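Trainee: I'd like to ask you about the structure that follows.
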Amino acid sequence: MGEGISMRQKRLIAAFATALVAVIGIIVPASAASASSPYDSQTQSTLVSLNNAMQFYALLGDGTYNGVSAAILQSYGYTPGSTTHVEIYVLSNGTQYWAVGQDTHAGTQLLVVSTSGSFLGHTGTGVGPASVQPPSPPSTAGTTIKTTSQMPDISALGAALAAASVTATDVCDTVLVMPGTHAFGSSLSDQYIECISAAQTSGATATTAFQAMLTVGGVAAIAGAAAWIVGDGTQAPAKPSWADGTNTTPPATLPGRPSTLPNYWNTPSVASVIASKNAALTTAQAQVLADTCVGQMAGALKGDPYAQCENTPIFASGRSDVPQASDHDVSAITSYPSWAMLNYLPSASQTGSRSWYAGLPACAGVVSGVTSCDEYPFWASAQGGPNSVPQPSLAVIDSGQNSLQGSKYGGFVSACHLNSGDAFISAPMPSWVSSAIPTLAVCNGH
1483 MGEGISMRQK
1493 RLIAAFATAL
1503 VAVIGIIVPA
1513 SAASASSPYD
1523 SQTQSTLVSL
1533 NNAMQFYALL
1543 GDGTYNGVSA
1553 AILQSYGYTP
1563 GSTTHVEIYV
1573 LSNGTQYWAV
1583 GQDTHAGTQL
1593 LVVSTSGSFL
1603 GHTGTGVGPA
1613 SVQPPSPPST
1623 AGTTIKTTSQ
1633 MPDISALGAA
1643 LAAASVTATD
1653 VCDTVLVMPG
1663 THAFGSSLSD
1673 QYIECISAAQ
1683 TSGATATTAF
1693 QAMLTVGGVA
1703 AIAGAAAWIV
1713 GDGTQAPAKP
1723 SWADGTNTTP
1733 PATLPGRPST
1743 LPNYWNTPSV
1753 ASVIASKNAA
1763 LTTAQAQVLA
1773 DTCVGQMAGA
1783 LKGDPYAQCE
1793 NTPIFASGRS
1803 DVPQASDHDV
1813 SAITSYPSWA
1823 MLNYLPSASQ
1833 TGSRSWYAGL
1843 PACAGVVSGV
1853 TSCDEYPFWA
1863 SAQGGPNSVP
1873 QPSLAVIDSG
1883 QNSLQGSKYG
1893 GFVSACHLNS
1903 GDAFISAPMP
1913 SWVSSAIPTL
1923 AVCNGH
């Protein structure tokens, strides 16, 4: 809709919008819900000005909310309160958004506004209280904006789970075992507390649970739940057998990883970021890397897989050059998910004998010059060597591939300037990846 509008015209209309908001207070009405704290009226005003600014941004642009920033919104009349915490989530390729706001003072309400018609139990286009209120206010003020490309598309994911009769409580039972934050002061994670509170509201769905977790930095929990409930995609989504509402012990293995991640994972955006930071990658390589990394890190419960895969160095053992070594690494990480993230350790700093595994049953049958014993995690990592707990996985593989992978790993360490202790993701390519993809060393700006 913004085609043909000059920058001068945009500035004039934006100035008019700001003046209009200042004079009449609101364009999009707030709900009539009474404020529980005098600070809530400031939060309400903040979200009203945000809603107005978002509409003007879309009107004067391409009709979407893509590319919006706090600075741009302020130029369109957004006036955040000095003690108000605001989070904006741009969804559905920029055609919708959700926003939450709450003052940092005690006793304040979490208020919401959205274009989707229903968000956290509040319906309509105005500002209103969320049906699930956090037990404590946010610690800092400010405005943050996240897009669907930085997290799973929870509307699409929720719809897929609803179609398979996966409930909000099923999601929460799965999240119960996952690491999370503890700002609320409970032994239970903030993400679980918000999830189960939402699940107990009338008409709650899996989407409701995801929305609630999103307001407390729940991307990692949402992605973990998706990985475990959906699995490899060969069967209908279902709550894992270990998620019984009482179990708090994370699973000992990785879930099955599908050969093609469903669209709600939004991995093309991750691939785009990885490609922008690593010019030597082809588009196909970046996409394979994004699928492999996000799928693995989500199931391993190692934090936000999107942030991890876009910003952490990645060593991706390949298919065209070292398939046997890659298969061993995939098997090892599946059996012990914490090995998805390693820390570099110079070989000279490793303790114990380099040939510590000689004579062990797992290395029986080695044929000199033909096969050799492969260890994972790598010898030159803090998780490798005979004194690590648990000890590395061992497997007999082609000796040439074993040596080549070691050389590739050394090149990765050098190219990414890793220092002792630096963390990196080990994302070996599973057997379903094209046999044409070689080992990739991705520094992600490190």
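Sequential numbering of the sequence shown, starting at 1483, is according to the numbering used here.
By construction, the Cβ of each residue, glycine as well, lies at the ideal position given by its N, Cα and C atoms.
Nothing here was measured: the structure is a model prediction, and the numbers come from that model.
For a test of the three-state rule: what should DSSP assign to Ala1588, helix, strand or coil?
Mentor: Here Ala1588 sits in coil by DSSP.
Trainee: Compute the distance between the beta-carbons of Met1779 and Ala1905, then report whether it is under 7 Å.
Mentor: Cβ distance not < 7 Å, so Met1779 and Ala1905 don't count as in contact.
Trainee: Who are the near neighbours of Asp1655 in its chain, counting only those whose CB is closer than 7 Å to its CB and skipping five residues on each side?
Mentor: Lys1721, Ala1725, Asp1726 and Gly1727
Trainee: Would you say the stretch 1737-1753 touches the stretch 1659-1675, given that touching needs at least three Cβ pairs under 8 Å?
Mentor: no
Trainee: Thr1597 and Gln1584: beta carbons closer than 7 Å?
Mentor: No, Cβ-Cβ distance for Thr1597 and Gln1584 is not below 7 Å.
Trainee: So, at 7 Å on beta carbons, what are the nonlocal neighbours of Trp1914 in its own chain, with the 5 sequence-adjacent residues on each side left out?
Mentor: Ser1741
Trainee: So within the stretch 1538-1624, which uninterrupted beta strand (DSSP E) runs reach at least 3 residues, ignoring any that extend past its ends?
Mentor: 1566-1573, 1578-1585 and 1593-1596
Trainee: Compute the Euclidean distance between the alpha carbons of Ser1574 and Ser1621, then round it to the nearest angstrom.
Mentor: Counting only the Cα atoms, Ser1621 lies some 29 Å from Ser1574.
Trainee: By the 10 Å Cβ neighbour count, where 16 or more other Cβ atoms means buried, how is Arg1836 classified, buried or exposed?
Mentor: exposed
Trainee: Can you tell me whether Leu1771 is buried or exposed? The criterion is at least 16 other CB atoms within 10 Å of its CB, across all chains shown.
Mentor: buried
Trainee: Take Thr1731 and list the residues in its own chain whose beta-carbon comes closer than 7 Å to its own, dropping the five residues that flank it on each side.
Mentor: Val1659
Trainee: Within 10 Å of its beta-carbon, does Gly1866 have 16 or more other beta-carbons around it, so buried, or fewer, so exposed?
Mentor: buried
Trainee: Should Ala1650 and Thr1607 be called a contact, given that it needs their Cβ atoms to be closer than 7 Å?
Mentor: no
Trainee: Out of curiosity, what's the CA-to-CA distance linking Ile1796 and Pro1611?
Mentor: 42 Å
Trainee: With distances taken from CA atoms, which of Arg1801, Ser1613, Asp1522 and Ser1531 is nearest Ala1588?
Mentor: The shortest CA-to-CA distance from Ala1588 to any of Arg1801, Ser1613, Asp1522 and Ser1531 is the one to Asp1522.
Trainee: Jot down the residue ranges of each uninterrupted alpha helix (DSSP H) in the stretch 1645-1690, minimum 4 residues, whole runs only, in chain order.
Mentor: 1650-1657 and 1672-1681
Trainee: Can you tell me whether Leu1532 is buried or exposed? The criterion is at least 16 other CB atoms within 10 Å of its CB, across all chains shown.
Mentor: buried
Trainee: Could you tell me whether the Cβ of Thr1622 comes closer than 7 Å to any Cβ of chain B?
Mentor: Here chain B cannot be found, since the structure has a single protein chain.
Trainee: What does the Cβ neighbour count give for Glu1842, buried or exposed, with the cut at 16 atoms within 10 Å?
Mentor: It is worth fixing the name first, because residue 1842 is Leu in this sequence and not Glu. Answer is exposed; the Cβ neighbour count stays below 16.
Trainee: Near Ile1919, what residues of its chain come up, given a Cβ to Cβ distance below 8 Å and the 5 sequence neighbours on each side ignored?
Mentor: The beta carbon of Ile1919 sits closer than 8 Å to the beta carbons of Ala1766, Gln1767, Val1770, Gly1800, Arg1801, Ser1802 and Met1911 from its chain, once the five residues preceding and following it are set aside; these are given in chain order.
Trainee: By Cβ distance below 8 Å, which residues in the same chain neighbour Val1852 in space, the five residues on each side in sequence not counted?
Mentor: Asp1880 and Ser1881
Trainee: Which residues mark the beginning and the end of the beta strand (DSSP E) in which Asp1773 is found?
Mentor: Element bounds for Asp1773: not the beta strand (DSSP E) but the alpha helix (DSSP H), Thr1765 to Ala1782.
Trainee: On the three-state DSSP scale, how would you describe Tyr1891?
Mentor: helix
Trainee: Hey, Ser1631 and Ser1751: beta-carbon distance below 7 Å or not?
Mentor: yes
Trainee: With a threshold of 16 other CB atoms inside 10 Å of the CB of Pro1872, please say whether the residue is buried or exposed.
Mentor: exposed
Trainee: Below 7 Å between beta carbons: does that hold for Gln1887 and Ala1807?
Mentor: yes
Trainee: Reducing DSSP to helix, strand and coil, say where Ser1516 ends up.
Mentor: Low per-residue confidence applies at Ser1516: pLDDT is 45, beneath 50, and the placement is therefore not dependable, though the value from the model is reported in the following sentence. Of the three classes helix, strand and coil, the one that applies to Ser1516 here is coil, per DSSP.
Trainee: Whose CA, out of Gly1777, Gly1927 and Pro1868, lies closest to the CA of Ile1711?
Mentor: The option with the nearest alpha carbon to Ile1711 is Gly1777.
Trainee: For Asp1856 versus Ala1830, is the C-beta distance shorter than 7 Å?
Mentor: no
Trainee: Between the beta-carbon of Val1895 and the beta-carbon of Tyr1826, is there less than 7 Å?
Mentor: yes
Trainee: Can you list, in chain order, the residues of its chain with a C-beta nearer than 8 Å to that of Val1848? Leave out the 5 residues immediately preceding and following it.
Mentor: Ser1854, Cys1855 and Val1878
Trainee: Mapping DSSP to helix, strand and coil, what is Ile1907?
Mentor: strand
Trainee: In whole angstroms, give me the CA-to-CA distance for Ile1678 and Val1701.
Mentor: 16 Å
Trainee: Report the option in Asn1548, Ala1581 and Gly1545 whose CA atom is closest to the CA atom of Val1530.
Mentor: For Val1530, the closest C-alpha among the options Asn1548, Ala1581 and Gly1545 is that of Ala1581.
Trainee: Relative to the C-alpha of Gln1693, which candidate in Leu1541, Asp1714, Gly1662 and Gly1640 has its C-alpha closest?
Mentor: Gly1640
Trainee: Leaving aside the five residues before and after Ile1815 along the sequence, list all residues of the same chain whose C-beta is less than 6 Å from its C-beta, in chain order.
Mentor: Trp1821 and Ala1822
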